[in-house]
Structure formats: C-alpha cells, structure tokens
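K.L.:
Which chain is which? The protein sequence lines are A and B, in order. So for the first sequence, my numbering puts the first residue at 85; every next one is plus one. So for the second sequence, my numbering puts the first residue at 16; every next one is plus one. One structure, as structure tokens, below. Some questions next.
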Amino acid sequence: MTMLRATIGAEWIKLWSTRTVWWALTAALVLMAAGAGQYALYANNGDIDENSAGEIAALGLSFAQLAFIALASIVMTGEYSAGTIRATLTWTPLRPRLLLAKSVVVAAVTLVAGTIVGFVGTLVAASILDDSSMGAAAPKMGLYLALLGVFAVGLGAALRGPVITLVVLLMLVVVVPPLLQVPDLAVLNTIADALPGVAGERFLNENSYAGLLIVTAWAAGAFLIGARVLDRRDA
Amino acid sequence: MVITLETLTKRYGATLAVDGLDLAVRPGLVTGFLGPNGAGKSTTLRMILGLDRPTSGRALIDGRPYSSYAWPLRKVGAVLEAKAAHPGRTGRNHLLAMARSNGIPAARVDEVLARAGLGGAARKRTGTYSLGMGQRLGIAGALLGDPPVLILDEPVNGLDPDGVRWIRGLMRELAAEGRTVLVSSHLLSEMQVTADHLIVIGNGRLLADAPLEQILAGHASLEDAYYTLTEGSALR
C-alpha cells in the first residue's frame, strides 16, 4: 500500500509537470462550451429533439471527450514516445502497480475535471435554453470520462504507440458507431450498442446502467490486457 | 553488495545476444564493462535492472532480483540513456517524481542536483539541456537513493573534458566509499585510467574477467589488450 501510494504520488507529479495536461483540459472546456452552446441554439430553433440542459451538455461532450481521451492515452503512450519508459520501470519494477497508479491518477483527474466541464456545459446550455433543471448530468459525465480514461491508459499499455492508440480509441468511441447505425440493421445496432461511446451515451441520456456496465467492462478489459502486455514484454 | 550473473542468457529468435554469462561484480571497485557494439552489454545491463527478461539464468543484486526490492532506487542507481527525462518536464520535477516513487525525501533532490553541478538548470525543461547536462541529470538521479550499487551505461558520452574528468572522479569516489560501480564504455583510454577491474564480452560470451593490471600485462595499452581479446568477435 505504501508502495502503491508512492507510485501514485510520482505519477501525479509527472502528470502535472508537463504542459500537456493544461492544453488538454483547456481544450476540453472550450469544446464543451462551444458544443453545448451550439446545440442549445439548435434546440431553441427546434432543429433537434434534445431539449434539456443535461442532454445538450451530453451532445457537447461528444466533442469535449476527445481532449480527455488524448490526455489519458498520452499518460501511457508518452512514456514510449519520449523514451522514458525504461527509466520509469527502474523506479517501479512491478509493472501492474505502475499501470494501476497511472489509471488511478487519470481516473481522479478525469472524474473531477470531467464533472467541472460537464457542469460548465450544462450551465451554458441552461442559460441559452432557459432551462433551470441542472439534474445529475455533470457527475455522470465525470464518471463516464474516468472509465474512458482508464480504458485509454490500458489500451496505451497494450499498443504502446501514441498514434495507433489514439486511432483505435477514436474508432471505437467516435467513428465506428455511427457507421454501424446508418443501415439501421438490428445486428449492427447491437454491435454499436456494445461499443464504449454508444454505451456511454445511453448511460448519460437514458440513465442506462447497462450502458455504464459496458463502459466499465471496456475499462477493466483494457486494464487487464495492458497489464499483461506490459508485464510480459521487454521494455 | 555484489551483482551476480548466473548463466545469464538472452536469445532473440535465432540470435544469442547474451550467452551464459557467469560472473560477480564486487564492491569497492570500479568495474569496466567492455565489448564491441552488439556484444550484449546493454542487454545485460537491462536484464540486471529487470527491464528485459532473461531467456534463462538470473541476474541478482545482493542475492535478489532487482524487481524484488520495494524501493529499488535505494539499492541501485542506474544511468541507462543520456536523456531519460521527459523533454517538457524540468530537471527538478523529474527528480521530485523519481524521489516520490521510492519514498525518498524531497530535500535529497537539491542535494544531488548540487552534487551533479546542475543547480542553475534544475528549473529549466530538460528538452533544453545539452547532452552533457542530460548526463548530469541522469547521474543526479542515480545518486538520489544513496544506493550501494551504481550501474552506468556509457556515462561519458557527450561530455566535455571537464565533464569526463568529473565523472571519473565521481566513480573513483563512489568506489572508495565501498560501493559497487559497474560502468560500460567504448572509450578504452578512459577505462584504462578509471577502472580497477574489467569484464570484457564478445558475441554475448565472457572473454575476460580480471583486474586491469592483469589484462594490461604484456600489452602496450588497454587498446592493444582489448583487440587481442576481442579478435574475431566483432563480426559474426
């Protein structure tokens, strides 16, 4: 436990001592404010079905989550692209502990920052919509982003390369689901529902705990595969 | 505190990178680790530090694998590559994270920064460092946990004459304090004036493990002795 705390402490210092984190969090905030604002205007004009501030913020999150995904994946893949992985593993030779510490740090940051960003999005949407019901949208977004963050860290450990990791993440979360949904075939829709992005939307918009469970399963699966690859392969 | 290799072997596909190394690196001496490019020096050092998994055999520090230590930086200080720090992080923050990871007090960071002569640059991002400053930061990191064992991979690469002299003095000092100092290098003339003991490998096999004087005996220089030893092992 003492050792895990030390590794978490080290990863915490590492996260906050480069500029990446600030760029990513600023980008998330800007994307959310702009996205939620734009969708709120559409809603006011009756162009879209969503009409509560929480739903509009969830639409904004489809942009803002890209910044969180990038931040979370770079926490692991950055070790390989910057060549620091060997040094890091001499500090912490027990590799699953390193991955756990990185996941804890990313989950904590994305939970808190995601909730704040979600709150800002809800606030922007509410002010445009004249909808004062804030609901529980913001903390749910934080929870979704924390799970997505753990997913990205684990995937980074399994794939190592920053570009391939980001491409796979974007495919699974953003690109593939709408492609599967276009033909509106039951089997393709079911596959789309099982992908983290769609499951997350279900959780945020429909309060679907099945959706939350699916995102959790992706996070846990990526963590386990990442830990195994990290442990097995030479650094 | 002894580094022991027990028939340490690493195979990559059909190639034997390290071929059954059996040896002990003893405290109180500077042990030079020599061999042509591709001889298996770096692979051996990585296996000692638990970064690469041996195909067979073991590498032990004081009788235990590196990865079995709760706070490994307090046992072994290592300089593996010239720049092991993220370019966007300051030297001081790099060392603070490193200290935190092994339960080393933060006050120790400023001590090693001073000892490595990096005080002024500590608050600059390491991406702005010269090769020599990067080496000094690496040395500062190796000293952080006040470890009884030091492993340095090519520590004088990129250093100016002052830097080379400084590293030489530091290694002598650390050995005189009773620490185990294992240093790999290509610079034979440098090893001739720094090392007490030499380990020479070629094609992953042990060619010599003897005191410097014994290896030098009958040769004009370490360079001559080295070429006699490694003859035929530079090319496969």
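Ideal Cβ placement from N, Cα and C applies to all residues, glycine included.
At 9 Å on the CB atoms, spell out the chain B contacts of residue 177/A, in chain order.
P.N.:
To locate residue 177/A, count along the first sequence from 1; it is residue 93. Those within 9 Å of residue 177/A in chain B are 64, 65, 66, 80, 81, 82, 83, 84, 87.
K.L.:
To the nearest angstrom, how far is it from the Cα of residue 127/B to the Cα of residue 197/B?
P.N.:
Start at 1 with the first residue of the second sequence, and residue 127/B comes out as number 112. Start at 1 with the first residue of the second sequence, and residue 197/B comes out as number 182. Roughly 20 Å separates the two Cα atoms.
K.L.:
Alpha carbon to alpha carbon, what distance is there between residue 240/A and residue 180/B?
P.N.:
Taking the first residue of the second sequence as position 1, residue 180/B is located at position 165. Taking the first residue of the first sequence as position 1, residue 240/A is located at position 156. One C-alpha to the other measures close to 42 Å.
K.L.:
Using only CA atoms, which one of 110/A, 307/A, 225/A lies nearest to residue 151/A?
P.N.:
As a first step, residue 151/A must be located in the first sequence, where it is residue number 67. With distances taken between Cα atoms, residue 151/A lies closest to 110/A.
K.L.:
Taking residue 208/B as part of the alpha helix (DSSP H), name the residues at either end of that continuous run.
P.N.:
As a working mapping, residue 208/B is identified with position 193 in the second sequence. Counting along the chain, the alpha helix (DSSP H) containing residue 208/B begins and ends at 203-209.
K.L.:
Can you name the residues that DSSP bridges to residue 71/B?
P.N.:
Against the second sequence, residue 71/B aligns to sequence position 56. Residue 71/B is bridged to 24/B.
K.L.:
What is the C-beta distance between residue 199/A and residue 100/B, in whole angstroms, given that I count them as a contact (C-beta under 8 Å)?
P.N.:
Walking along the first sequence from the start, residue 199/A turns up at place 115. Walking along the second sequence from the start, residue 100/B turns up at place 85. At roughly 32 Å, the Cβ-Cβ gap does not stay under 8 Å, so residue 199/A and residue 100/B are not in contact.
K.L.:
Between 104/B, 151/B, 155/B, 102/B, which lies nearest to residue 123/B when the distance is taken from Cα to Cα?
P.N.:
By 1-based counting over the second sequence, the position of residue 123/B is 108. Of the candidates 104/B, 151/B, 155/B, 102/B, the one whose C-alpha sits nearest the C-alpha of residue 123/B is 155/B.
K.L.:
Locate the beta strand (DSSP E) running through residue 168/B, then write down its first and last residues.
P.N.:
Working through the second sequence from its first residue, we reach residue 168/B at position 153. For residue 168/B, the uninterrupted beta strand (DSSP E) run begins and ends at 164-168, by DSSP.
K.L.:
Rounding to the nearest angstrom, what Cα-Cα distance links residue 187/B and residue 45/B in this structure?
P.N.:
Locating residue 187/B in the second sequence gives position 172, counting from the first residue. Locating residue 45/B in the second sequence gives position 30, counting from the first residue. The straight-line gap from Cα to Cα measures roughly 7 Å.
K.L.:
Less than 9 Å between the beta carbons of residue 3/B and residue 206/B, yes or no?
P.N.:
Because chain B spans 16 through 251 in this model, residue 3/B falls outside it and cannot be assessed.
K.L.:
Taking C-alpha atoms, which residue in 135/A, 143/A, 156/A, 181/A lies nearest to residue 85/A?
P.N.:
Numbered from its first residue, the first sequence carries residue 85/A at position 1. Answer by Cα proximity: 181/A.
K.L.:
Classify residue 279/A as helix, strand or coil using the three-state DSSP reduction.
P.N.:
Within the first sequence, numbered from 1, the residue matching residue 279/A stands at position 195. In this structure, residue 279/A counts as coil in the three-state DSSP scheme.
K.L.:
My output table needs one value for residue 251/B: the three-state DSSP class, helix, strand or coil.
P.N.:
As a first step, residue 251/B must be located in the second sequence, where it is residue number 236. Confidence in residue 251/B is poor, its pLDDT being 43 and thus under 50, which makes the residue's placement too unreliable to answer from.
K.L.:
Going by beta carbon distance, what residues of the same chain come within less than 8 Å of residue 219/A, once the five residues before and after it are set aside?
P.N.:
Residue numbering aside, residue 219/A sits at position 135 when the first sequence is read from its first letter. So the qualifying residues of the chain are 136, 137, 138, 206.
K.L.:
With a cut-off of 9 Å, does the C-beta of residue 251/B fall near any C-beta of chain A?
P.N.:
Residue numbering aside, residue 251/B sits at position 236 when the second sequence is read from its first letter. Note that residue 251/B scores a pLDDT of 43, beneath 50, so its modelled location is shaky and nothing firm can be said.
K.L.:
Could you tell me which chain A residues have their CB closer than 8 Å to the CB of residue 100/B, listed as they occur along the chain?
P.N.:
Stepping through the second sequence from its first residue, residue 100/B is reached at position 85. What residue 100/B touches in chain A: 168, 171.
K.L.:
Would residue 240/A pass as an interface residue toward chain B - the criterion being a Cβ-Cβ separation below 9 Å?
P.N.:
Looking up residue 240/A in the first sequence gives position 156. Taking Cβ atoms only, chain B never reaches closer than 9 Å to residue 240/A, which makes this a no.
K.L.:
Following the continuous alpha helix (DSSP H) through residue 226/B, name the residue where it begins and the one where it ends.
P.N.:
Here the question's residue 226/B lines up with position 211 in the second sequence. Counting along the chain, residue 226/B falls outside any alpha helix (DSSP H), though it belongs to the beta strand (DSSP E) covering 220-226.
K.L.:
How many angstroms separate the CA atom of residue 144/A from the CA atom of residue 120/A?
P.N.:
The sequence position of residue 144/A within the first sequence is 60, counting from 1. The sequence position of residue 120/A within the first sequence is 36, counting from 1. In a straight line, the C-alpha of residue 144/A is about 4 Å away from that of residue 120/A.
K.L.:
Of all Cβ atoms in chain A, is any one closer than 9 Å to the Cβ of residue 117/B?
P.N.:
The residue given as residue 117/B occupies position 102 in the second sequence. Judged by the 9 Å Cβ criterion, residue 117/B is in contact with chain A.
K.L.:
Cβ of residue 97/A less than 9 Å from any chain B Cβ?
P.N.:
Position 13 of the first sequence, counting from 1, holds the residue named residue 97/A. True, the Cβ-Cβ gap to chain B drops below 9 Å.
K.L.:
In terms of residues, what are the limits of the beta strand (DSSP E) holding residue 234/B?
P.N.:
Within the second sequence, numbered from 1, the residue matching residue 234/B stands at position 219. No beta strand (DSSP E) contains residue 234/B, which DSSP labels as neither H nor E.
K.L.:
Beta-carbon separation of residue 36/B and residue 70/B under 9 Å?
P.N.:
The residue labelled residue 36/B in the question sits at position 21 within the second sequence. The residue labelled residue 70/B in the question sits at position 55 within the second sequence. Against a cut-off of 9 Å, the Cβ pair of residue 70/B and residue 36/B comes out as no contact.
K.L.:
In the DSSP assignment, the beta strand (DSSP E) including residue 8/B goes from what residue to what residue?
P.N.:
Because residue 8/B is not part of the residues shown, which for chain B are 16 to 251, the question remains open.
K.L.:
Give the residues of chain E in contact with residue 103/A, contact being defined as C-beta atoms less than 8 Å apart.
P.N.:
Included in the structure are the protein chains A and B, with no chain E among them.
K.L.:
What's the gap between the Cα of residue 251/B and the Cα of residue 316/A?
P.N.:
Position 236 of the second sequence, counted from the start, is the residue given in the question as residue 251/B. Position 232 of the first sequence, counted from the start, is the residue given in the question as residue 316/A. Its pLDDT being 43, under 50, residue 251/B is placed unreliably by the model, and the measurement read from it follows with that caveat. Spanning the two alpha carbons is a distance of roughly 29 Å.
K.L.:
Helix, strand or coil, according to DSSP, for residue 138/B in the structure here?
P.N.:
In the second sequence, counting from the first residue as 1, residue 138/B sits at position 123. Three-state result, residue 138/B: helix.
K.L.:
Distance check for residue 236/B and residue 171/A, CA to CA, integer angstroms please.
P.N.:
Residue numbering aside, residue 171/A sits at position 87 when the first sequence is read from its first letter. Residue numbering aside, residue 236/B sits at position 221 when the second sequence is read from its first letter. If you take the alpha carbons of residue 171/A and residue 236/B, they lie about 35 Å apart.
K.L.:
Does residue 215/A come out as helix, strand or coil in the three-state DSSP assignment?
P.N.:
Numbered from its first residue, the first sequence carries residue 215/A at position 131. Reduced to three states, the DSSP call for residue 215/A is coil.
K.L.:
Please report the straight-line C-alpha distance between residue 22/B and residue 142/A, rounded to a whole angstrom.
P.N.:
The residue given as residue 22/B occupies position 7 in the second sequence. The residue given as residue 142/A occupies position 58 in the first sequence. Those two C-alpha atoms are separated by around 59 Å.
K.L.:
So, using beta-carbon positions, are residue 149/A and residue 260/A closer together than 9 Å?
P.N.:
If you number the first sequence from 1, residue 149/A lands on position 65. If you number the first sequence from 1, residue 260/A lands on position 176. In this structure, residue 149/A keeps its C-beta atom at 9 Å or more from the C-beta atom of residue 260/A.
K.L.:
Do you know how far the Cα of residue 289/A is from the Cα of residue 113/A?
P.N.:
The sequence position of residue 113/A within the first sequence is 29, counting from 1. The sequence position of residue 289/A within the first sequence is 205, counting from 1. Near 20 Å, if we compare the C-alpha coordinates of residue 289/A and residue 113/A.
K.L.:
Using the C-alpha atoms, what's the distance from residue 223/B back to residue 248/A?
P.N.:
Here residue 248/A refers to the residue found at position 164 of the first sequence. Here residue 223/B refers to the residue found at position 208 of the second sequence. Looking at the two C-alpha atoms, the distance is approximately 45 Å.
K.L.:
To the nearest angstrom, how far is it from the Cα of residue 211/B to the Cα of residue 63/B?
P.N.:
As a first step, residue 211/B must be located in the second sequence, where it is residue number 196. As a first step, residue 63/B must be located in the second sequence, where it is residue number 48. So the two alpha carbons sit approximately 21 Å from each other.
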